[in-house]
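Step one of this worksheet: look at the structure below.
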Amino acid sequence: MAAAALVTSMLAAACSGPPKTGGSEGESYRLSAGTPAAGGELDSFTWAVYAEPPTLDYVSAFDYPQNTVLSNVCESLMRWTPQLTLAPGLAEKASNPDPTTWVYDLRPGVRFHDGGTMTADDVVYSLGRQMDPQNAAAWAQQFQNVGSVTKTGPLQVTVKLTQPDSQFNQYMATAAGVVASRAGIEAAGKDYGTGGSLACTGPYALGSWTKGQSIELQRFDGYWGTRAKSAKAVFRFLTDPSARVNALLSGEADGGYLIPTESYERLRSAGPGTLYFGEGLSTVNVNVTSMQGVLGDVRVRRALSLALDRSGFVRTGLGGAGSVTGSLTTRAAWAGAPEEVRKAAFDGLTPTAPDIERAKALVKEAGATGKTLTVATSPIGQDVSVLATAVQSAGAKIGLDVRLKTVAPNAFTALFTDPAAREGIDMFPETYYDSITDPLDLLANFRTGAYQNFASFSDPAYDELVKKAVAATDPAQRFAVTAQLQKTASDQLLWIPVAEWPTAVFLNKRITGAPTTISYMYYPWAADVGAAR
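Positions 390 to 922 (our numbering) are the ones given, in order, by the sequence shown.
This is the structure we're talking about:
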């Protein structure tokens, strides 16, 4: 019954905000809609992050460290709210006069941190950087159906699509839709994103960046919206999980997201603050980064999946705060789908119960007994290290030689953006968070040439289904096609699904106001953090 209660709560998240409570497989964690609103202002607060961002250039903002900071400095045309709904951002109005046109009417008088005022020219330039092949933007695939971005008024931009795209406007609430000053970016040149001003519009401006130690944000008094409650936000890079937890317990850091799972109980019982859980739209998976070798045979991928102890991973790797799944997408991401489509999307997916004998037989059939695989791991937190070890253990049980390669947290982040970092790596643990409240966000990653299609999977039939789903402006039709994509991804085990995982945030007793949901990746959450009542 506890698992069923969580599913019911999560299905409501995308439409009506995150659930207030939940539980999984007998575990006692609860999902919170938010944290108490701040009662006053602060001079500053300190936030713990597990790695230093390699850059804060918005075109490269594709992982937790970058977006946790950048979401407070750079804003987008649309905004993803703490309730995981879509709202106006720098565009006070977005209209869709026909299936292939989006018109964005911009807020007047919005100031950039470098002193300029936002115009339509800045929007055209900012979106153009995402589409420029020379920038190798992490968000380029979100612009695949864009024919043109043009200024149609001093404060109006029109985007013409080459075909209907049900996802485009949703992505304008992510880093894909960031608007920065053209003059500021051009003045910074090759140094843009690594220091100085980011020339954005958010409630905070980039202050000092002490490499290897911290980033300091300063409240922007010229902000168009609600003034930030803290004059300063300091992000400390604490790559060692124990050091990060100790900083939270001692007050050296006031809070943090991505809390090391092994510390959940310690933070709950120690008393310096509160550990909250919220909707994460996140699944923990084993990302298959190469199908050139033994993993090119789907029987080997199925064997590893059948040998994985998912329940053990949830208990140990996630501190009990999660639920076993055979789906790459969360149930909450399907909230807008008709009931029969949701059922179809989750029926007959990847088995989650271990079956060692069947797994051994599959390895033998594939002629893979004794073959070697390399899995990347990192001391980011127990969720990563325990899953990597679980894959190694699963391989040992079924005749595969799975070797672990430990990399530093910064190098682990580079796995998502740098092909060179993935050389010699066959798999790595990945927590995938949806950037929009739509399962197509994840499943489109297996389209030929997609940014996160690291294993270069290519299937014309799959590509055609992605195209059909993207073009479907009717939600029921889109979800029905997306359910077919989910079935293919499951049958082929393009990644190995392991668990659903909520967002965790810790706040000590002096601060409050941070959202509990995954919205913090794109919403200016730090502006809401203030003094506890």
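Heads up, the beta-carbon is just placed ideally off N, CA and C, and yes, glycines get one too. All of these numbers come straight from a predicted model, not from anything done at the bench.
Review point. Where does Glu414 sit, in a helix, a strand or coil, going by DSSP?
Key: Because Glu414 sits at a pLDDT of 40, beneath the cut-off of 50, its placement in the model cannot be relied upon, and the point is left open.
Report task. Drop a sphere of 10 angstroms on the beta-carbon of Glu654, count the other beta-carbons inside from all chains shown, and report buried for 16 or more, exposed for fewer. Result -> Its Cβ having fewer than 16 others within 10 Å, Glu654 is exposed.
message: Distance check for Thr435 and Glu754, CA to CA, integer angstroms please.
response: Separation of Glu754 and Thr435 (C-alpha to C-alpha, rounded to the nearest whole angstrom) is 54 Å.
Check: For Thr470, which three-state DSSP category applies?
Finding: Collapsing the DSSP output to three states places Thr470 in coil.
Next item on the list: Consult DSSP for Tyr514 and reduce its assignment to one of helix, strand or coil.
Entry: In this structure, Tyr514 counts as helix in the three-state DSSP scheme.
Between which two residues does the alpha helix (DSSP H) carrying Tyr912 extend? It is not in any alpha helix (DSSP H) - Tyr912 carries neither H nor E in the DSSP assignment.
Check: When you compare only the Cα positions, how much space is there between Ala692 and Tyr851?
Finding: Cα-Cα distance, rounded: 23 Å.
**Q.** Backbone CA spacing between Arg616 and Arg747 [nearest angstrom]
**A.** Cα to Cα, the separation comes out at about 59 Å.
For Ala450, the nearest candidate out of Thr590, Ala564, Tyr646 and Asp686 (CA to CA):
Closest option to Ala450, Cα to Cα, is Ala564.
Does DSSP put Val773 in a helix, a strand or coil?
Here Val773 sits in helix by DSSP.
Discussion item. Which of the three DSSP states is assigned to Gln841 in this structure?
Written reply: DSSP places Gln841 in the coil class of the three-state scheme, outside both helix and strand.
Subject >> Sheet register partners of Glu754 (DSSP bridge) >> reply: Partner(s): none; Glu754 has no beta bridge.
Since Val702 is in the alpha helix (DSSP H), which residue starts that stretch and which ends it? First, the amino acid is wrong: residue 702 is Phe here, not Val. The continuous alpha helix (DSSP H) containing Phe702 extends over residues Arg699 to Gly706.
Quiz prompt | Extent of the continuous beta strand (DSSP E) run through Lys876 | solution = Annotation: Lys876 is outside any beta strand (DSSP E); the continuous alpha helix (DSSP H) that includes it extends over Pro864 to Gln881.
Can you name, in chain order, every residue of its own chain whose Cβ lies under 7 Å from the Cβ of Thr758, other than the five neighbours on each side?
-> If you ignore the 5 residues before and after Thr758, its C-beta comes within less than 7 Å of the C-beta of Val752 and Gly788, all in its own chain and listed in chain order.
### Query
Closest to Gly685 by CA distance: which of Gly902, Ala893 and Phe846 is it?
Nearest of Gly902, Ala893 and Phe846 to Gly685, Cα basis: Phe846.
- Message: Rounded to whole angstroms, what is the Cα-Cα separation between Gln771 and Trp598?
- Response: Cα to Cα, Gln771 sits roughly 28 Å from Trp598.
Requested in this report: Following the continuous alpha helix (DSSP H) through Val689, name the residue where it begins and the one where it ends.
Outcome: Counting along the chain, the alpha helix (DSSP H) containing Val689 begins and ends at Val687 to Ala696.
Could you tell me which whole alpha helix (DSSP H) segments of length 4 or greater appear in the stretch 630-664? Runs of the alpha helix (DSSP H) inside the stretch 630-664: 630-639 and 653-659.
>> With the cut-off set at 7 Å, would you say Leu606 and Ala622 are in Cβ contact?
In response: Closer than 7 Å, so yes.
| message | Is it the case that the stretch 673-680 contacts the stretch 886-895, given that we only count it when at least three CB pairs across the two stretches are under 8 Å? | response | Flag = yes, the stretch 886-895 and the stretch 673-680 touch.
Quiz prompt | When Ala724, Ala733, Ala476 and Phe868 are compared against Ser555, the one with the closest alpha-carbon | solution = Distance from the Cα of Ser555 is smallest, within the candidate group Ala724, Ala733, Ala476 and Phe868, for Phe868.
Report task. Note down the Cα distance separating Ala726 from Ala858, rounded to an integer number of angstroms. Result -> So the alpha carbons of these two residues sit roughly 13 Å apart.
ask   = Is the Cβ-Cβ distance between Val568 and Ser515 less than 7 Å?
value = The criterion of a C-beta distance shorter than 7 Å is satisfied by Val568 and Ser515.
Pairwise C-alpha distance: Ala916 and Asp790 | Distance between the alpha carbons of Asp790 and Ala916: 49 Å.
From what residue to what residue does the beta strand (DSSP E) around Asn534 run? Premise fails: Asn534 is in no beta strand (DSSP E) and is neither H nor E.
Under a three-way DSSP split, which group does Tyr581 fall into?
If DSSP states are grouped into helix, strand and coil, Tyr581 belongs with coil.
**Request:** Drop a sphere of 10 angstroms on the beta-carbon of Ser679, count the other beta-carbons inside from all chains shown, and report buried for 16 or more, exposed for fewer.
**Result:** Classification for Ser679: buried.
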